[in-house]
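Just so you know, the sequence shown maps onto residues 59 to 440 in my numbering.
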Amino acid sequence: MKSETRPLILHVIHHLVVGGLENGLVNLINTMPSSRFRHAIVCIEDYSDFRLRIARQDVEVFALHRSRIGVWRMRRELFRLCRELRPTIVHSRNQSGLDALLPARLAGVPFCVHGEHGWDVDDLKGERWRPILLRRLHAPLVNGYVTVSRDLENYLVERVGVGRGRVWQVYNGVDTERFVPIAARDLGLMPDGFADADSFIVGTVGRLQAVKDQATLIRAFAALLHGAPDGASRLRLAIVGDGALSQPLRALVDDLGIGRQVWFSGACNDVARIMAGFDVFVLPSLSEGISNTILEAMACGVPVLASAVGGNLELLREGESGRFFQPGDVAALARLLADYAGDPALRQAHGRQARQVAVERFSLGAMVANYQAVYERLSARR
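Here's what the structure looks like:
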């Protein structure tokens, strides 16, 4: 029997559920040549049926349930897994992934890579001392870092004290063959009668949680409706995704009296089909690493309105493929929506430019090649 020679990459994340980081990991595993690397995933907490999006049949997924068993038992289990699986590289992500580094080193894992993908709602700018201290304490265990934006790279260098030579900056990539512009809008996944060919559809996609701040978008859309009574009948808002704030956001829509013009999709498995039907995509996040949904909207040829935070500033070209507004600025977002609603030529021009930038700078192939180069560099040292 031939022995297995392909290096194993053990990815450590918090949850394997619907989300940008998780989607990027699945795309990476599905797209990277199977002849070069094997992959396994450890979830610090748990996974959902999102794991079924992994196309490869040789990828094991483990759930450790830290909140149930405690951090020290979880670390022992990670140590055991590393001894059993014998990965060449452990690739941890974000703060909870730091828990994997010491068990991996004690188990004899040759290389550890740590990735930074964004901020939590209680630390929007990466200023809290405890997360910074945790990263400093774990830095000696890390061979190299991967960040999804220059903003996060600067955080590691300037606040954590990591040498810039130890950081690789790799942008997320989008599947530009799946997310594509369409000639005629497909409304088949929306409720009957919600919209038609003449509707102006504002859309957003993401988990319904505080850091994504869909409430600002809802309030801005309400202001748009009230400010354009003659054209209000054609305005629609699609909120795609699910999460803890689903009911509070629905209640806000009812309080504002705009329920007939707003659709909550809930969890959705066909984002590309829905997104291509938007006239404008909005990401109102309070903080952001690099947004997959911005890239997906750009690939669909949809202009983007995004909060001027984090990695968003590295994706859009102001006034060319979209526009920026300050987080939480309802009035500014309403004005930008009104500009697009009243100017089809502007929408089309920004949408064409967005598609071009997505194809040229943020393809899935480029992302996978960059990650593979990191893994190849480390495994070659062994």
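Here a beta-carbon is modelled for each residue, glycine too, at the ideal position from N, C-alpha and C.
Inset, instruction - Return the residue from the list C326, L391, L199, N370 that minimises the CA-CA distance to R163. - result: That would be L199, whose Cα lies nearest to the Cα of R163.
Inset, instruction - Using DSSP bridges, identify the partner residues of V100. - result: In the DSSP assignment, V100 is bridged to V70, F120.
Legend entry - Boundaries of the beta strand (DSSP E) in which V204 is found, first to last residue: Its beta strand (DSSP E) spans residues 202-205.
Inset, instruction - Just the C-alpha distance for M59 and I297, rounded to the nearest angstrom, thanks. - result: Bear in mind that a pLDDT of 46 at M59, under 50, signals an unreliable position, so the model cannot answer this.
Inset, instruction - Taking 8 angstroms as the threshold, find out whether the segment 404-419 comes into contact with the segment 349-361 through three or more Cβ pairs. - result: Yes, the segment 404-419 is in contact with the segment 349-361.
Legend entry - 8 angstroms Cβ cutoff met for R64 and F95: Yes, they are a contact pair.
Legend entry - Sheet register partners of L227 (DSSP bridge): Before going on, a small fix: residue 227 reads as Gln here, not Leu. As computed with DSSP, Q227 is found in a beta bridge with T205.
Legend entry - Simplified DSSP assignment, three categories, for H175: In the three-state scheme derived from DSSP, where H, G and I count as helix and E and B as strand, H175 is classed as coil.
Legend entry - Selection from A325, H97, D254, C326 that minimises the alpha carbon distance to S291: Of the candidates A325, H97, D254, C326, the residue whose Cα lies closest to the Cα of S291 is D254.
Legend entry - Enclosing alpha helix (DSSP H) for S150 [first to last residue]: S150 -> not in any alpha helix (DSSP H); beta strand (DSSP E) instead, spanning 147-151.
Inset, instruction - Spell out a yes or no on whether the segment 218-225 and the segment 194-210 are touching, meaning 3 or more CB-CB pairs, one atom from each, closer than 8 angstroms. - result: The segment 218-225 vs the segment 194-210: in contact.
Inset, instruction - Could you please give the first and the last residue of the uninterrupted alpha helix (DSSP H) stretch that includes A162? - result: For A162, the enclosing alpha helix (DSSP H) starts and ends at 159-164.
Legend entry - Separation of G231 from G423, as counted between CA atoms: Distance between the alpha carbons of G423 and G231: 7 angstroms.
Legend entry - Any 3 or more C-beta pairs closer than 8 angstroms across the segment 76-89 and the segment 230-246: Contact holds between the segment 76-89 and the segment 230-246, because three or more Cβ pairs, one in each stretch, are under 8 angstroms apart.
Legend entry - Straight-line gap, R188 to Q414 (C-alpha atoms, nearest Å): Rounded to whole angstroms, R188 to Q414 spans 41 angstroms at the Cα level.
Legend entry - Strand pairing of S365, partner residues [DSSP]: Beta-bridge annotation (DSSP): S365 is paired with F383.
Legend entry - Same chain, Cβ closer than 6 angstroms to A427, neighbours up to 5 away in sequence not counted: Taken in chain order, the list of residues that qualify is empty.
Legend entry - Identity of the residues DSSP links to I297 by a beta bridge: DSSP lists T262, F322 as partners of I297.
Inset, instruction - State the Cα-Cα distance for the pair H149 and H69, rounded to the nearest angstrom. - result: Near 5 angstroms, if we compare the C-alpha coordinates of H69 and H149.
Inset, instruction - Look at the alpha carbon of L391 and the alpha carbon of L214, and state the distance between them as a whole number of angstroms. - result: Roughly 31 angstroms separates the two Cα atoms.
Legend entry - Anticipated Cβ contact below 8 angstroms, P161 with I67, distance rounded: Actually they are not in contact, since the Cβ atoms of P161 and I67 sit about 16 angstroms apart, beyond 8 angstroms.
Inset, instruction - Whole angstroms is fine: what's the gap from L210's alpha carbon to L191's? - result: L210 and L191: Cα-Cα distance of roughly 16 angstroms.
Inset, instruction - Please state if the CB of E354 and the CB of S207 are separated by a distance shorter than 8 angstroms. - result: Cβ distance not < 8 angstroms, so S207 and E354 don't count as in contact.
Legend entry - Same chain, Cβ closer than 6 angstroms to S323, neighbours up to 5 away in sequence not counted: Counting only Cβ-Cβ distances below 6 angstroms, and skipping sequence neighbours, we find V298.
Legend entry - Of the listed residues P249, L341, I259, nearest to A273 (C-alpha basis): Nearest option by C-alpha distance: L341.
Legend entry - Terminal residues of the alpha helix (DSSP H) in which F279 lies: Start and end: 272-285.
Legend entry - Other residues of its chain near G82: CB distance less than 7 angstroms, five sequence neighbours each side excluded: Excluding sequence neighbours, G82 sits near N230, N350.
Inset, instruction - Return the CA-CA distance between I316 and E142, expressed in angstroms with no decimal places. - result: Near 56 angstroms, if we compare the C-alpha coordinates of E142 and I316.
Inset, instruction - Kindly indicate which three-state DSSP category E372 falls into: helix, strand or coil? - result: Looking at E372 - three-state DSSP - the assignment turns out to be helix.
Legend entry - Simplified DSSP state of S345, which is helix, strand or coil: DSSP, read as helix, strand or coil, puts S345 in coil.
Inset, instruction - Have a look at L394 and R318 and give me their C-alpha separation to the nearest angstrom. - result: Rounded to the nearest whole angstrom, the C-alpha separation of L394 and R318 is 22 angstroms.
Legend entry - Residue burial classification, K270 (beta-carbon count within 10 angstroms, cutoff 16): By the neighbour-count definition (other C-beta atoms within 10 Å, threshold 16), K270 is a buried residue.
Inset, instruction - Check whether the Cβ atoms of C101 and L122 lie closer than 8 angstroms to each other. - result: In this structure, L122 lies closer than 8 angstroms to C101 by Cβ.
Legend entry - Nonlocal neighbours in the same chain, by C-beta distance under 6 angstroms from G246, ignoring five residues either side: Result list for G246: empty, nothing under 6 angstroms.
Inset, instruction - Could you spell out the range, first to last residue, of the alpha helix (DSSP H) harbouring V215? - result: No alpha helix (DSSP H) contains V215, which DSSP labels as neither H nor E.
Legend entry - Reduced DSSP secondary structure (H/G/I, E/B, other) of V75: DSSP places V75 in coil when its eight states are reduced to three.
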